[in-house]
Amino acid sequence: MTAVKERIIGAVSIMSDKDANIFWHIIQKHFKLSDTFADIEKVEPDETDLIMLKEIENNPDCHEFISQEELMKELNM
Numbered sequence: 000m001t002a003v004k005e006r007i008i009g010a011v012s013i014m015s016d017k018d019a020n021i022f023w024h025i026i027q028k029h030f031k032l033s034d035t036f037a038d039i040e041k042v043e044p045d046e047t048d049l050i051m052l053k054e055i056e057n058n059p060d061c062h063e064f065i066s067q068e069e070l071m072k073e074l075n076m
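If you read the sequence shown in numbering that gives the first Met the number 0, its first letter stands for residue 0, the second for the next number, and so on.
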């Protein structure tokens, strides 16, 4: 996976559901690949997902972003 795709996934993972929904509509509108996107399975979050989402929303440490380069420095890699 490219760095750009990883950044997109990271950004979406910390968005509110409302913002993620807006972003999803932008993707659908921009790429006009309705058949492809229609095939993406919609899955409701399970109990573990809900716990993780709640932690992301309530824990300010989950909102901190560092670049991959910074992370590698912190890990001495």
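Ideal placement from N, C-alpha and C gives every residue a C-beta, glycine not left out.
Fair warning: this is a prediction, and the values are worked out from it, not measured in the lab.
| Query | Result |
| --- | --- |
| Would you say Ile8 and Ile55 are within 9 Å of each other, going by their C-beta atoms? | no |
| I think Val11 touches Ala2, with their Cβ atoms under 8 Å apart; what is that distance to the nearest whole Å? | At roughly 15 Å, the Cβ-Cβ gap does not stay under 8 Å, so Val11 and Ala2 are not in contact. |
| Using the C-alpha atoms, what's the distance from Pro59 back to Glu5? | 21 Å |
| Enumerated in chain order, which unbroken segments of the alpha helix (DSSP H) with a length of 4 residues or greater are wholly contained in the segment 38-71? | 46-57 |
| In angstroms with no decimal places, state the Cα-to-Cα distance between Ser50 and Gln67. | The identity of residue 50 in the sequence shown is Ile, whereas the question assumes Ser. Each residue's alpha carbon lies about 26 Å from the other. |
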